[in-house]
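Sequential numbering of the sequence shown, starting at 22, is according to my numbering.
C-beta: ideal position from N, C-alpha, C; glycine also.
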Amino acid sequence: MLVGGRLLNHANFAARLIKLSAFPPAFPHLDTVRCEFQFTVTPQSRQVFEGEPVTFECRALFDDEIDFSWTLNGNPVPVYDRQEETTEPQQRRIYQSGSNLHIRAVNGTLDRGSYVCLARAKASGARVASPAARLDIIGELCTE
């Protein structure tokens with residue numbers, strides 16, 4: 022696909038915000054923000070034993086211009102707000118660090134399913150979803 026004179030590969034998404042303000046004064050209504058989301062890292066399907074930790078990665082160019090969130094089977098993943106000081110990160114079972122989602126100890130009942138990373142441009146509010154990544158739980162982790 023050719024965009025703005027550059028060849029973009031659908032498998033290698035990246036995110037950019039481009040301020041289009043170089044238009045002549047005769048076209049002031051064309052001064053706008055255009056969002057092109059392109060993920061650089063998308064979450065990958067995983068198979069883990071119950072009780073093991075797992076991390077789903079999601080990244081885009083200009084991460085500081087984007088808010089990331091996650092869904093599990095179409096529902097928002099309940100993660101602690103990174104600004105919340107009442108619970109230390111090491112005590113949280115599910116938490117988001119930057120754009121990545123971490124599950125400290127996978128629970129087969131609660132965590133199995135399809136995870137999607139949602140990216141929202143802070144400037145425009147435009148949103149894009151990553152391809153789904155499946156989490157399958159193999160069984161219980163044996164600790165002897």
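- Collapsing the DSSP output to three states places Leu-131 in a helix.
- Looking from the CA of Ala-150, the closest CA among Asn-121, Gln-65, Asp-157 and Ala-140 belongs to Ala-140.
- In the pairwise beta carbon analysis, the region 125 to 132 is classified as not touching the region 81 to 92: fewer than three pairs are separated by under 8 Å.
- It is roughly 16 Å from the alpha-carbon of Arg-114 to the alpha-carbon of Leu-156.
- Between Glu-71 and Asn-121 a beta carbon distance of about 21 Å is seen, past the 8 Å cut, so the two are scored as non-contacting.
- If you check the CB distance, Pro-64 and Ala-147 do not come in under 7 Å.
- Where Phe-70 is concerned, the enclosing beta strand (DSSP E) starts and stops at 67 to 71.
- Contact check for Leu-82 and Thr-61: beta-carbon distance about 6 Å, within the 8 Å limit, so the pair qualifies.
- Of all alpha-carbon atoms in Pro-97, Gln-59, Cys-138 and Gly-134, the one lying nearest the alpha-carbon of Val-69 is that of Gly-134.
- Distances from the alpha-carbon of Gly-119 to those of Ser-66, Val-75, Pro-74 and Arg-80 put Arg-80 closest.
- If you draw a straight line from the Cα of Gly-95 to the Cα of Val-137, it comes to about 8 Å.
- The shortest CA-to-CA distance from Val-98 to any of Leu-131, Ser-66 and Asp-84 is the one to Leu-131.
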